[in-house]
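The listed protein sequences correspond, in order, to chains C and Y.
For the first sequence, position 146 matches number 142 in our numbering, and the numbering has no gaps at all.
For the second sequence, position 22 matches number 18 in our numbering, and the numbering has no gaps at all.
A virtual CB, placed ideally from N, CA and C, is assigned to each residue, including glycine.
2 protein chains.
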Amino acid sequence: MPSLKKRKPARAATLADVGRAAGVSAMAASVVLNAAQSSSRVAAATRTRILAAARRLRYRPNAAARALAERRMHTIGVAAVVDVGGELNHYFLSVFNGILEAATRHRQNTTVFTLADWEQDAARLPGLCDGRIDGLILIAPVLSPAAVRALPDHTPVVTLHANMPIPGSVNLESDEEAGACGMVSHLIARGHRRILHVAGPRGLLGAERRIRGYRRALAAARIPFHAAWLVEAGYEMDEGRQALHDWLRRFAGRPLPQAIFCGNDAGAIGCMEALAEVGLRVPEDVSVAGFDDTLAARTTVPQLATVRQPLHAMGSRAVEVLLARLRPRPGTRRPEFQNTIVFPTELVLRASVGPPPASTKTVPRPAPGGRGS
Amino acid sequence: MPSLKKRKPARAATLADVGRAAGVSAMAASVVLNAAQSSSRVAAATRTRILAAARRLRYRPNAAARALAERRMHTIGVAAVVDVGGELNHYFLSVFNGILEAATRHRQNTTVFTLADWEQDAARLPGLCDGRIDGLILIAPVLSPAAVRALPDHTPVVTLHANMPIPGSVNLESDEEAGACGMVSHLIARGHRRILHVAGPRGLLGAERRIRGYRRALAAARIPFHAAWLVEAGYEMDEGRQALHDWLRRFAGRPLPQAIFCGNDAGAIGCMEALAEVGLRVPEDVSVAGFDDTLAARTTVPQLATVRQPLHAMGSRAVEVLLARLRPRPGTRRPEFQNTIVFPTELVLRASVGPPPASTKTVPRPAPGGRGS
DNA sequence: GGTTTGAGATTTAACGATAAACCTCCGTTA
DNA sequence: TAACGGAGGTTTATCGTTAAATCTCAAACC
């Protein structure tokens, strides 16, 4: 007693099945269903029959077969190094959202490769990539030379925030120096003069650029730079917290900074925590500013002033640049790509930055036995 | 003058190329390079020659061809509905990290499909899935009946936090009622009696379960339930903020809650903001607790007490359950899957919850012309 | 010395789609 | 009347891999 309602076929229908059902060859079905130059090649009546058959059989093209024949996977790879705890982070999420948006718009699939670190794990990358993606987006703020050498041969690459140049690839970055300079200049304009910079790890291109921006803003305002007011920390929240605690302990009794500019949002949040732990209020006692404008900047109380990088837009753009390399427009011979595209940053002013306190405060002495280490 | 250093071949090497270079057939190369039952089938000397040739030619298997022949893509799809602004959120990030970890471990690729909404966009899903993934993980807290009907035919499905049952699929969820009950019981144990619940949208299974947990904890402590102390809000930060502002305005002058339990972390952060805006401190005046333990819970100051769902583990498990359905173990006939797997939740106590204030406070009257709407 | 045996390969046939060359009419045109 | 041309298809070859069947030849056995 065959059920008429849901006759679930054991195997998915192929083009040949559709053709047979419509009384034509598989090839005719292929032409119709890809709808490219349909009108001229196939009679309207046949066309209708084929479409009806395809619908009836619930035909879906087999991606693997198509990829094999076309020699294109219609898939973009995204490679990133995972953070502490093996997790991708806020920064990745923002970029990835942009990538997905553009990829979906251009009918490309997206597959994600995670690596534990560039040094060793990068060797796996060619094996993961070759033959299954058309192009690769490399999220590369902490790229290593070994990784660059190990990159896959036959796959075009676009990088985001690359830490070092990759021959033949396009890099997308934001104007971090200008962003940092802008934020510090804003602090100065609001009356701050004693501005501490809690920077990211020395050696990382992004951290260095933000330091340059900080120094440029100081110089422009003729505020002397003190090496002691430039603190190196990691990019994790706890590292920012710890770095500020250490600094405060070292400089107990000396003048308190009026503002703290951090190399990233997570670090800034760590600083806010450290300040709260020693009884200092933000922004009444100290203003705090971050960098990146990740989601986290809006989840603090008070909300964190920060420098926005257009991460979503950068992700989308990465997809578009990659696709343009994949299928060069018929018009242009070989589109000469600029190998760096710089995005502007933008000041995001929120409640964590206020005017400096009326009187100069001093760094509180740590309470014996208290928290804070 | 042929460069010997980097002779970049126009096309990637195929198995036939490797075979030719090693003086054997493509098939022999296939057997060796897949290393399955290698030892018995191929002579050691031949084996070595083939491996050498493969390395020399930088042979990489073509994923499309392999998928076509094997009828397996080695790829798992992840479908999620994007949030406001078309962005995937913290919850997704945590789950996705778990999925990626397990997928990488099992040498599966992962591709992400985003949908604007289940109602209409879900119809695209079969077209996206069929023929390019082996199985689908559906992140489905806001699934709709239309979406369930539109699901792809030939693709096994595992859901996370499904809002409604899907025939033939396995659902992974956490014990939200117990988690909510546990948190509210903890608040009661610390001395709170006036506990406001800012819940998620009515009708969402998760929100309802958390409400049930809240009521169960109250009942167990013989604290009467007041409908006015159950506020419905969205799951966005601003919706939580707005909902609390509205409530505070409505109940100005009446007794202030000692604690607020929110249906999710973002809402809790919104509430913390609203409290700060009317001059109330957390936790001195009001304790606040959230639900989910997303990354955001650790970026607030003070850090947010919350109910942890093991999102990472759930993501990993989803992959494993899916893979088990794909290739049933030779031993068992047809592994009878339980169609719901429940994960335990866990209380995460952080600084946003403290003891209730010594004296009963009242809801402050809104300052005329102040912020707060 | 003829038949087994089996390790060590090779050959053949899919897998499902695309690209390009190739028919087959029928209505025009020279 | 023969050649042409184009609309509407079909056939054939190919993409790179795997599964299954087949071949080959030397050693072992009766």
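Cβ neighbour criterion (16 or more within 10 Å) applied to residue i
{"i": "Y/PHE39", "result": "According to the sequence displayed, residue 39 of chain Y carries Ala and not Phe. Exposed, since its Cβ has fewer than 16 Cβ neighbours within 10 Å."}
{"i": "C/MET310", "result": "buried"}
{"i": "C/HIS157", "result": "buried"}
{"i": "Y/PHE109", "result": "buried"}
{"i": "Y/GLY266", "result": "buried"}
{"i": "Y/HIS182", "result": "buried"}
{"i": "C/GLU66", "result": "exposed"}
{"i": "C/ARG104", "result": "The question names Arg, but residue 104 of chain C is Gln in the sequence shown. The residue is buried, with at least 16 neighbouring Cβ atoms inside 10 Å."}
{"i": "Y/THR290", "result": "buried"}
{"i": "Y/GLY202", "result": "buried"}
{"i": "Y/LEU345", "result": "exposed"}
{"i": "C/ASP113", "result": "exposed"}
{"i": "C/VAL349", "result": "buried"}
{"i": "C/GLY327", "result": "Residue confidence is low: C/GLY327 scores 46 on pLDDT, short of 50, so the model does not pin down where it sits. No coordinate-derived value is stated."}
{"i": "Y/ASP261", "result": "buried"}
{"i": "Y/PRO351", "result": "exposed"}
{"i": "Y/PRO137", "result": "buried"}
{"i": "C/HIS222", "result": "exposed"}
{"i": "Y/MET268", "result": "buried"}
{"i": "C/GLN116", "result": "exposed"}
Under 8 angstroms between C-beta atoms of residue i and residue j
{"i": "Y/LEU84", "j": "Y/ALA76", "result": "yes"}
{"i": "C/LEU29", "j": "C/PRO152", "result": "no"}
{"i": "C/ARG45", "j": "C/ALA8", "result": "no"}
{"i": "C/LEU192", "j": "C/PRO253", "result": "yes"}
{"i": "Y/GLY73", "j": "Y/LEU132", "result": "yes"}
{"i": "Y/ALA217", "j": "Y/ILE256", "result": "no"}
{"i": "C/LEU147", "j": "C/LEU121", "result": "yes"}
{"i": "Y/GLY209", "j": "Y/GLU169", "result": "no"}
{"i": "Y/GLY175", "j": "Y/THR341", "result": "yes"}
{"i": "C/THR356", "j": "C/PRO220", "result": "no"}
{"i": "C/VAL315", "j": "C/ILE95", "result": "yes"}
{"i": "Y/VAL166", "j": "Y/ASN335", "result": "yes"}
{"i": "Y/VAL284", "j": "Y/ALA270", "result": "no"}
{"i": "Y/THR42", "j": "Y/VAL78", "result": "no"}
{"i": "C/LEU214", "j": "C/VAL180", "result": "yes"}
{"i": "Y/MET69", "j": "Y/ASP149", "result": "no"}
{"i": "Y/ALA118", "j": "Y/LEU111", "result": "yes"}
{"i": "C/ALA17", "j": "C/ARG52", "result": "yes"}
{"i": "Y/TYR87", "j": "Y/LEU300", "result": "no"}
Delimiting residues of the alpha helix (DSSP H) encompassing residue i
{"i": "C/SER26", "result": "22 to 30"}
{"i": "Y/ILE207", "result": "201 to 216"}
{"i": "C/THR290", "result": "Taken as a continuous stretch (DSSP letters only), C/THR290 belongs to no alpha helix (DSSP H), as it is neither H nor E."}
{"i": "C/VAL315", "result": "307 to 322"}
{"i": "Y/VAL74", "result": "Y/VAL74 -> not in any alpha helix (DSSP H); beta strand (DSSP E) instead, spanning 71 to 77."}
{"i": "Y/ARG56", "result": "Neither: Y/ARG56 is in no alpha helix (DSSP H) and is coded neither H nor E."}
{"i": "C/ALA255", "result": "Taken as a continuous stretch (DSSP letters only), C/ALA255 belongs to no alpha helix (DSSP H), being part of the beta strand (DSSP E) at 255 to 258."}
{"i": "C/GLY127", "result": "Run containing C/GLY127: none; DSSP gives neither H nor E here."}
{"i": "Y/VAL349", "result": "Where Y/VAL349 is concerned, there is no enclosing alpha helix (DSSP H), given that its DSSP letter is neither H nor E."}
{"i": "Y/TYR87", "result": "86 to 101"}
{"i": "Y/GLU235", "result": "233 to 246"}
{"i": "C/ARG52", "result": "40 to 52"}
{"i": "Y/GLY15", "result": "11 to 18"}
{"i": "C/GLN299", "result": "Premise fails: C/GLN299 is in no alpha helix (DSSP H) and is neither H nor E."}
Delimiting residues of the beta strand (DSSP E) encompassing residue i
{"i": "C/THR336", "result": "336 to 339"}
{"i": "Y/GLU269", "result": "That residue, Y/GLU269, is in no beta strand (DSSP E); its alpha helix (DSSP H) goes 261 to 273."}
{"i": "C/GLU342", "result": "342 to 344"}
{"i": "C/ASN105", "result": "105 to 111"}
{"i": "Y/ARG304", "result": "302 to 304"}
{"i": "C/GLU228", "result": "226 to 228"}
{"i": "C/ALA285", "result": "283 to 285"}
{"i": "C/ILE135", "result": "131 to 135"}
Problem set entry | Complete runs of the beta strand (DSSP E) confined to the region 145 to 192 of chain Y [at least 3 residues] | 153 to 156 and 166 to 170
For this session: Please list the residues of the region 34 to 54 of chain Y that have a C-beta atom closer than 9 angstroms to any C-beta atom in chain C, keeping them in chain order.
Result: Correct list: ARG54.
Exercise. Residues in the region 92 to 116 of chain Y with C-beta within 7 angstroms of chain C's C-beta atoms, listed in sequence order?
Worked result: ASN93, LEU96, GLU97, THR100, ASN105, THR106, THR107, VAL108 and THR110
Exercise. If you measure beta-carbon to beta-carbon, which residues of the region 283 to 294 of chain C are closer than 8 angstroms to chain Y?
Worked result: Within the region 283 to 294 of chain C, the qualifying residues are LEU291, ALA292 and ARG294.
Exercise. In chain order, what residues of the region 245 to 279 of chain Y put their CB closer than 7 angstroms to some CB of chain C?
Worked result: ILE265, MET268, GLU269 and ALA272
For this session: Could you run through the region 78 to 91 of chain C and flag, in chain order, every residue whose CB is less than 9 angstroms away from some CB of chain Y?
Result: VAL78, GLY81, GLY82, GLU83, LEU84, ASN85, HIS86, PHE88, LEU89 and SER90
Exercise. What residues from the region 217 to 247 of chain Y come within 8 angstroms of chain C, judged by C-beta to C-beta, listed N to C?
Worked result: MET233
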